[in-house]
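Numbering (our numbering), first residue to last: 5 to 244.
Written below as structure tokens is the structure these notes are about.
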Ligand code: ADP
Ligand code: MG
């Protein structure tokens, strides 16, 4: 579903991603862990065309997104992205937040978009919040609304960048539960997270990044239970 080869990204003289090679299969859940500043967000932003790679290729469902001939907006529609800061539109109700993209970009009729939006709110446990404004939601509810909004474009792949890092501890579980359900339904997901328990339980594969490289990757039991590289061991000893 995603094939990334020799991906590099520099900002001026600063090389943030150095030769990343990653494949993600359909329905796979890949968690990316690593210290702050290791390039995790930049990696996701390259996949979502929010940053332009300085080298290498990213092929999503057979389309090379680094090829300027391809339409970036079309490719972005394959991908749903959820950020640490929820980025909901404050002047729109929760339902309007979710239905705006399907209406504007997909040309869905209001009735159909509203039905889809309500189904999605139901799925993320916010059925009673359709007409509420984001300011009146808790952090966890905002993030679940943001997930519903991303799902409304019916993406093939969901990308998450530390979706629970900005939340009060008691809000984290509800968001992770929604993500766990998506995984169960077979959604292909790439998740940058500090929730090691979640990664261990839900990921099919865990990638440990440091300094712009993939230092180590493997199935969660191996990577958490028996890390091979010194840097992985050091990182895990700090976070587990
Ligand atoms: P992580 O998500 O793992 O914490 P990031 O991908 O956010 O890491 O950042 C990796 C490095 O790239 C950091 O040193 C950061 O300062 C730098 N960086 C990220 N975005 C930019 C940018 N737009 N311009 C310059 N440097 C950036
Ligand atoms: Mg980051």
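All C-beta atoms in this analysis are idealised placements derived from N, C-alpha and C, irrespective of residue type, glycine included.
Taking the CB atoms as reference points, tell me whether residue i and residue j lie closer together than 8 Å.
i	j	result
residue 106	residue 120	yes
residue 82	residue 173	no
residue 27	residue 6	yes
residue 20	residue 196	no
residue 216	residue 42	yes
residue 113	residue 103	no
residue 57	residue 22	no
residue 32	residue 165	no
Once you ignore the five residues that flank residue i on each side, which residues in its own chain have a CB closer than 8 Å to its CB?
i	result
residue 226	none
residue 179	144, 147, 148, 151, 167, 168, 171
residue 218	24, 25, 26, 211, 212
The alpha helix (DSSP H) spanning residue i covers which residue range?
i	result
residue 123	114–127
residue 177	173–188
residue 93	Note, residue 93: premise wrong, no alpha helix (DSSP H); not H, not E.
residue 51	44–51
residue 76	76–80
At what residues does the beta strand (DSSP E) containing residue i begin and finish?
i	result
residue 222	217–222
residue 25	18–28
residue 35	33–37
residue 145	Unbroken run through residue 145 is the alpha helix (DSSP H), 143–155; no beta strand (DSSP E).
Assuming residue i contacts residue j under a Cβ cut-off of 8 Å, what Cβ separation, rounded to an integer in Å, is found between them?
i	j	result
residue 151	residue 128	6 Å
residue 240	residue 231	6 Å
residue 138	residue 182	Going by Cβ atoms, the distance from residue 138 to residue 182 rounds to 17 Å, so no, they are not a contact pair.
residue 186	residue 162	7 Å
residue 84	residue 155	6 Å
If you drop the 5 nearest sequence neighbours on each side, which residues of the same chain put their C-beta closer than 7 Å to that of residue i?
i	result
residue 79	53, 64, 67, 69
residue 220	212, 227, 231, 232, 233, 236
Could you tell me which residues DSSP pairs with residue i in its beta bridges?
i	result
residue 234	BP columns for residue 234 are empty, so no partner.
residue 12	59
residue 209	34
residue 164	86, 195
Please return the same chain residues whose Cβ sits closer than 6 Å to the Cβ of residue i, not counting the five positions on each side in sequence.
i	result
residue 77	none
Who's in the neighbourhood of the ligand FAD, going by beta-carbon under 5 Å from any heavy atom, listed in chain order?
In terms of ligand content, the structure shown lacks the ligand FAD and carries the ligand ADP and the ligand MG instead.
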